[in-house]
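Protein sequence lines correspond, in order, to chains P and R.
Residue numbering for the first sequence follows the working numbering, starting at 1 and increasing by one per position.
Residue numbering for the second sequence follows the working numbering, starting at 341 and increasing by one per position.
Note sheet for the following structure.
2 protein chains.
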Amino acid sequence: MARIVVDAMGSDNYPVPDVEGAVLAAREFGAEIVLVGDEALIKPVLDSQNTDGLKIRIVHAPEMLTMEDKGENLVLKARAKDAKNSMAVGIDLVKNGEADAFVSAGNTGAGMVTALFRLGRIRGVDRPALAPIFPTATGTCVVLDIGANPDCKPENLYQFGILGSIYAEKVRGVKNPKVGLVSNGEEEGKGNELVKAATPLFKASKLNYFGNVEGKEVIGGKVDVAVTDGFTGNVMLKSSEAVAKLITDKIREIIKNGSIITKVGGLLVKPALGEIKKLLDPSEQGAAPMLGVNGLVFIGHGRSDAIAIKNAVRVAKHAVDVNVLDAMKSAIEASLRSAE
Amino acid sequence: MARIVVDAMGSDNYPVPDVEGAVLAAREFGAEIVLVGDEALIKPVLDSQNTDGLKIRIVHAPEMLTMEDKGENLVLKARAKDAKNSMAVGIDLVKNGEADAFVSAGNTGAGMVTALFRLGRIRGVDRPALAPIFPTATGTCVVLDIGANPDCKPENLYQFGILGSIYAEKVRGVKNPKVGLVSNGEEEGKGNELVKAATPLFKASKLNYFGNVEGKEVIGGKVDVAVTDGFTGNVMLKSSEAVAKLITDKIREIIKNGSIITKVGGLLVKPALGEIKKLLDPSEQGAAPMLGVNGLVFIGHGRSDAIAIKNAVRVAKHAVDVNVLDAMKSAIEASLRSAE
Numbered sequence: 001m002a003r004i005v006v007d008a009m010g011s012d013n014y015p016v017p018d019v020e021g022a023v024l025a026a027r028e029f030g031a032e033i034v035l036v037g038d039e040a041l042i043k044p045v046l047d048s049q050n051t052d053g054l055k056i057r058i059v060h061a062p063e064m065l066t067m068e069d070k071g072e073n074l075v076l077k078a079r080a081k082d083a084k085n086s087m088a089v090g091i092d093l094v095k096n097g098e099a100d101a102f103v104s105a106g107n108t109g110a111g112m113v114t115a116l117f118r119l120g121r122i123r124g125v126d127r128p129a130l131a132p133i134f135p136t137a138t139g140t141c142v143v144l145d146i147g148a149n150p151d152c153k154p155e156n157l158y159q160f161g162i163l164g165s166i167y168a169e170k171v172r173g174v175k176n177p178k179v180g181l182v183s184n185g186e187e188e189g190k191g192n193e194l195v196k197a198a199t200p201l202f203k204a205s206k207l208n209y210f211g212n213v214e215g216k217e218v219i220g221g222k223v224d225v226a227v228t229d230g231f232t233g234n235v236m237l238k239s240s241e242a243v244a245k246l247i248t249d250k251i252r253e254i255i256k257n258g259s260i261i262t263k264v265g266g267l268l269v270k271p272a273l274g275e276i277k278k279l280l281d282p283s284e285q286g287a288a289p290m291l292g293v294n295g296l297v298f299i300g301h302g303r304s305d306a307i308a309i310k311n312a313v314r315v316a317k318h319a320v321d322v323n324v325l326d327a328m329k330s331a332i333e334a335s336l337r338s339a340e
Numbered sequence: 341m342a343r344i345v346v347d348a349m350g351s352d353n354y355p356v357p358d359v360e361g362a363v364l365a366a367r368e369f370g371a372e373i374v375l376v377g378d379e380a381l382i383k384p385v386l387d388s389q390n391t392d393g394l395k396i397r398i399v400h401a402p403e404m405l406t407m408e409d410k411g412e413n414l415v416l417k418a419r420a421k422d423a424k425n426s427m428a429v430g431i432d433l434v435k436n437g438e439a440d441a442f443v444s445a446g447n448t449g450a451g452m453v454t455a456l457f458r459l460g461r462i463r464g465v466d467r468p469a470l471a472p473i474f475p476t477a478t479g480t481c482v483v484l485d486i487g488a489n490p491d492c493k494p495e496n497l498y499q500f501g502i503l504g505s506i507y508a509e510k511v512r513g514v515k516n517p518k519v520g521l522v523s524n525g526e527e528e529g530k531g532n533e534l535v536k537a538a539t540p541l542f543k544a545s546k547l548n549y550f551g552n553v554e555g556k557e558v559i560g561g562k563v564d565v566a567v568t569d570g571f572t573g574n575v576m577l578k579s580s581e582a583v584a585k586l587i588t589d590k591i592r593e594i595i596k597n598g599s600i601i602t603k604v605g606g607l608l609v610k611p612a613l614g615e616i617k618k619l620l621d622p623s624e625q626g627a628a629p630m631l632g633v634n635g636l637v638f639i640g641h642g643r644s645d646a647i648a649i650k651n652a653v654r655v656a657k658h659a660v661d662v663n664v665l666d667a668m669k670s671a672i673e674a675s676l677r678s679a680e
């Protein structure tokens with residue numbers, strides 16, 4: 001049975017959504033849960049839940065990483081052998097084989113740095129990447145990197161392609177995933193120096209390489225995996241989220257300030273707008289995997305509620321069940337052999 | 341009176357929207373219009389319009405640049421002394437002082453390359469930039485570059501900041517515009533190598549420098565000018581447009597396939613959704629100026645209709661009236677002096 005560590009100190013409203021979501025996941029998906037964090041805070045929430053027959057235990061971690069932890073200070077806390085923060089303690093459980101995956105809705109940077117220093121990288125991987133799942137017109141797209149690596153080399157992008165392709169196939173269930181290189185034009189030859197230098201690596205690879213994709217092809221669902229450097233990916237993610245929020249806010253505002261007819265109409269289409277919100281809601285997709293580290297780590301939005309945590313555990317459990325980590329290791333290994 | 345050249349061969353449905361929009365602009369804004377393109381195509385459309393008392397003339401240009409014109413071929417056509425395509429002929433009218441600004445809804449790349457080769461750059465400007473106006477939660481934001489320069493140096497970004505600031509102030513009417521550097525994090529120190537190297541230039545400048553901005557601050561309306569390299573800017577623009585389209589398409593689909601109640605509601609909120617469409621419609625913003633070339637050039641969406649062309653002429657005329665070109669020249673000149 002998949003054993004999933006949930007960072008109880010992760011979400012903005014910790015520990016309630018984190019603990020409640022973990023309990024929901026234990027019941028619905030039969031996952032074995034390890035809650036890591038301040039036991040004095042976790043226990044009352046856990047005791048308030050019906051946990052009959054569920055496998056849930058607490059591992060005490062008295063400290064936590066926050067948005068204030070960054071730069072050198074963060075690196076020190078992420079590396080410290082005797083670190084007592086919930087991320088380090090939780091990730092060590094995965095490292096030591098006591099659990100199979102780690103899920104947190106905490107500070108993304110802290111999660112990435114802690115995972116990188118404590119788990120290390122898959123052999124042959126130069127730069128691990130954070131890979132959120134974008135909603136698209138036809139389903140979803142794995143986009144990587146979106147923040148771990150603001151400056152990349154062509155080889156990094158190529159490895160992102162391999163990791164993302166395996167993840168899309170194994171975890172998202174996409175057969176022979178189409179992999180695109182995010183660029184400022186669809187035609188071959190368009191791109192910055194990085195994209196131009198990465199293109200031959202993709203063309204010579206065994207990946208199902210689609211070619212360049214613009215933002216509109218990514219959101220339009222033309223590819224299953226979209227590869228980009230962490231700077232561009234981050235700007236793309238944040239802009240997309242902001243545009244979605246701008247539109248839904250404006251619709252709400254117009255309906256609220258509208259005529260009585262508009263208001264009645266608004267009431268009638270409310271369930272439809274709810275569907276849109278669900279479509280765009282990151283909590284529906286669970287959390288973003290960090291691909292390339294030597295272990296399964298998932299980082300969710302700080303504003304995750306219990307449902308988002310539950311979904312993150314569902315995805316993490318599925319990733320364990322299909323053994324995506326070993327598949328990524330083999331694929332990277334094979335790519336290194338073919339490059340020799 | 342401002343004399344505006346309109347490329348009659350620009351839009352996807354040329355020459356009808358282009359000619360009709362130009363006529364509308366001549367009437368509404370009192371602009372003097374030069375229609376450039378194939379006279380045999382333009383004349384029938386123009387004759388079908390009421391042009392009494394309007395100053396509109398045709399300058400014949402038998403050829404046109406299309407999406408097929410790119411790379412070396414495009415450069416040759418853009419440079420040719422005896423070029424007979426509508427963009428080259430139209431831009432030459434500006435160059436020779438026979439007109440004050442050029443507006444086209446044609447191929448963006450062709451417009452940029454033709455403007456660059458025929459007008460040259462403002463003295464001291466290293467790289468001109470295309471600067472569309474993004475809709476934001478609080479109004480609009482000038483974003484540059486979005487495609488002319490996929491790879492930039494820190495000095496290029498700094499000059500984009502100067503050009504964008506002058507444009508926002510003079511043409512958009514923003515007092516002391518706030519200028520942000522698009523980055524993967526708001527905090528100083530976040531960014532790729534390019535952003536990090538550009539930051540000191542902005543901090544030492546006379547610009548109203550806001551600091552780093554993420555996609556959400558740009559769309560959220562925190563700054564009036566957002567500076568980025570053409571690769572990132574292009575991905576940002578295309579993703580934002582695609583997300584907006586995805587949402588409005590999905591709303592339409594849900595209402596169409598919904599229950600009778602949802603359908604009735606959809607009918608009642610239709611005007612409200614129209615407002616959203618208008619908010620996001622690039623045609624409302626006219627066209628994107630190309631800043632840094634030695635002349636006023638505006639490039640609109642290929643799918644521009646007559647209203648979009650009219651709005652583009654309105655913006656171009658305003659840019660002429662406030663003499664933004666001389667203001668940009670002075671600002672660049674001053675920045676070079678202070679750097680000495």
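C-beta atoms are modelled at their ideal positions from N, C-alpha and C, and glycine is treated no differently.
Predicted model, so just to flag it, every value in this text is computed and none were measured.
**OP:** Specify the secondary structure class of D440 (chain R) as computed by DSSP and reduced to three states.
**Re:** coil
Original post:
Identify the residues that DSSP records as bridge partners of R461 (chain R): which are they?
Top reply: R:V633
Original post:
Can you tell me the Cα-Cα spacing of N176 (chain P) and F160 (chain P), whole angstroms?
Top reply: 16 Å
Original post:
Based on Cα-Cα distance, which residue from P:D47, P:F29, P:A22 and P:S48 lies nearest to V36 (chain P)?
Top reply: P:A22
Original post:
How many angstroms separate the CA atom of S689 (chain R) from the CA atom of V655 (chain R)?
Top reply: Outside the shown range of chain R, which is 341 to 680, sits residue 689 (chain R), and nothing can be said about it.
Original post:
With 9 Å set as the bound, which would you pick, yes or no: does the beta-carbon of T262 (chain P) sit closer than that to a beta-carbon of chain R?
Top reply: yes
Original post:
Can the beta-carbon of P15 (chain P) be found less than 9 Å from the beta-carbon of M9 (chain P)?
Top reply: yes
Original post:
Roughly how many angstroms lie between the CA atoms of A682 (chain R) and G430 (chain R), to the nearest whole one?
Top reply: Lying before the first or after the last residue shown, residue 682 (chain R) is absent from chain R, which here runs from 341 to 680.
Subject >> chain P contact for V522 (chain R) (CB, 9 Å cutoff) >> reply: yes
**OP:** Use the C-beta contact count for M630 (chain R): other C-beta atoms within 10 angstroms, 16 or more gives buried, fewer gives exposed.
**Re:** buried
Original post:
According to DSSP, what are the bridge partners of N2 (chain P)?
Top reply: The question names Asn, yet the displayed sequence has Ala at residue 2 (chain P). Per DSSP, none; premise fails for A2 (chain P).
Original post:
Are the C-beta atoms of P494 (chain R) and some chain P residue less than 9 Å apart?
Top reply: no
**OP:** Counting only the same chain and skipping the five closest in sequence on each side, list residues whose C-beta sits under 6 Å from that of T136 (chain P).
**Re:** I219 and G221
**OP:** May I ask you to list, following chain order, the residues of the region 56–89 of chain P that have a beta carbon less than 9 Å from some beta carbon of chain R?
**Re:** K70 and G71
**OP:** Could you tell me the boundaries of the beta strand (DSSP E) in which V227 (chain P) lies?
**Re:** V225 to V227
Original post:
What's the call for A584 (chain R), buried or exposed, on a 16-neighbour Cβ count within 10 Å?
Top reply: buried
Original post:
Looking only at its own chain, which residues have a Cβ that is under 6 Å from the Cβ of K650 (chain R), when we skip the five neighbours before and after it?
Top reply: G361, L364 and A365
**OP:** Could you check what DSSP says for K178 (chain P) in three-state terms: helix, strand or coil?
**Re:** strand
Subject >> C-alpha gap between G635 (chain R) and V345 (chain R), whole angstroms >> reply: 12 Å
Original post:
Whole-angstrom Cβ separation of I166 (chain P) and A339 (chain P), contact assumed at under 8 Å?
Top reply: So it is not a contact: roughly 17 Å between Cβ atoms.
**OP:** Please go through the region 515–561 of chain R and give each complete alpha helix (DSSP H) segment of 4 or more residues, from N-terminal end onward.
**Re:** 533–543 and 555–560
Subject >> Best match in P:V324, P:N212 and P:S304 for proximity to V575 (chain R) [C-alpha to C-alpha] >> reply: P:N212
Original post:
Which residue comes first and which comes last in the beta strand (DSSP E) that contains P135 (chain P)?
Top reply: I133 to P135
Subject >> Where the beta strand (DSSP E) through I33 (chain P) begins and ends >> reply: E32 to G37
Original post:
If you draw a straight line from the C-alpha of L613 (chain R) to the C-alpha of I251 (chain P), how long is it?
Top reply: 7 Å
Original post:
Given a threshold of 16 other Cβ atoms within 10 Å of its Cβ, counted over all protein chains shown, does R118 (chain P) qualify as buried or as exposed?
Top reply: buried
Original post:
Residues of chain R with CB under 8 Å from D151 (chain P), in chain order?
Top reply: N532 and E533
Subject >> CB of A471 (chain R) within 9 Å of CB of D485 (chain R), strictly >> reply: yes
Original post:
What does a CB cutoff of less than 6 Å around G120 (chain P) pick up in its chain, not counting 5 residues either side in sequence?
Top reply: N294
Original post:
What does I473 (chain R) reach in chain P if we use C-beta pairs closer than 9 Å?
Top reply: Those do not exist, as I473 (chain R) stays about 15 Å from chain P at its closest Cβ, beyond 9 Å.
Original post:
Using CA coordinates, which residue listed in P:M1, P:I42 and P:E39 is at the minimum distance from R27 (chain P)?
Top reply: P:M1
Original post:
How would you list, in chain order, the residues of chain R whose beta-carbon sits under 8 Å from the beta-carbon of V218 (chain P)?
Top reply: S579 and A582
Subject >> Which listed residue (P:D126, P:D151, P:N192 and P:V125) has its alpha carbon closest to that of A488 (chain R) >> reply: P:N192
**OP:** Would you mind listing the beta strand (DSSP E) stretches within the region 68–117 of chain P that are 3+ residues and don't spill past its ends, in chain order?
**Re:** 101–104
**OP:** Would you mind working out which of P:H301, P:S183, P:G124 and P:T51 sits nearest R337 (chain P), comparing C-alpha positions?
**Re:** P:G124
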